[in-house]
Amino acid sequence: MNLRPLNDRVVVKRTEEEEKTAGGIIIPDTAKEKPIQGEVVAVGNGKVMEDGSRRPLDVKAGDKVLFGKYAGTDIKVGGEELLIMREDDILAIIEK
1 MNLRPLNDRV
11 VVKRTEEEEK
21 TAGGIIIPDT
31 AKEKPIQGEV
41 VAVGNGKVME
51 DGSRRPLDVK
61 AGDKVLFGKY
71 AGTDIKVGGE
81 ELLIMREDDI
91 LAIIEK
């Protein structure tokens, strides 16, 4: 993929939701909500501060993250659905 976000923007690929509930009920596609977690695919070169300096981002490519339900902008690149959002839209990094 040749996509490089600018400044404090991050490209995220959503992770797929489970097809079944814990009780074994299969969830149809029409009832599924968009997942609110994903993997960071690419990051910009940092946030520009008021004094003109650049602060590096806390997230990096490969990080698993949580974000708000309506965060970012959906895009399609090479048949792959991605999401571009600001680092501020990311709520947490999932550490294992």
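Just so you know, we're using my numbering here: the sequence shown kicks off at 1 and counts up by one.
C-beta: ideal position from N, C-alpha, C; glycine also.
Predicted model, so just to flag it, every value in this text is computed and none were measured.
What residues in its chain sit with their C-beta under 8 Å from that of R4, if we drop five residues either side in the sequence? Excluding positions up to five away in sequence, the list reads A42 and G44.
Where does E87 sit, in a helix, a strand or coil, going by DSSP? Helix.
Hey, would you say K97 sits closer than 9 Å to K96, going by beta carbons? The requested residue 97 is not part of the displayed model; the chain covers only 1 to 96.
Quick check: the Cα distance between T73 and R54, rounded to an integer number of angstroms? T73 and R54 have their C-alpha atoms some 24 Å from each other.
With C-beta atoms as the reference, is G66 less than 9 Å away from I94? Looking at the sequence provided, one finds Leu at residue 66 rather than Gly. Yes, they are a contact pair.
For D74, which of helix, strand or coil comes out of DSSP? D74 falls in the strand class under three-state DSSP.
Do E81 and R9 come within 9 Å of each other at the CB atom, strictly closer than that value? Inclusion of R9 and E81 in the CB contact set at 9 Å is not warranted, their separation being larger than that value.
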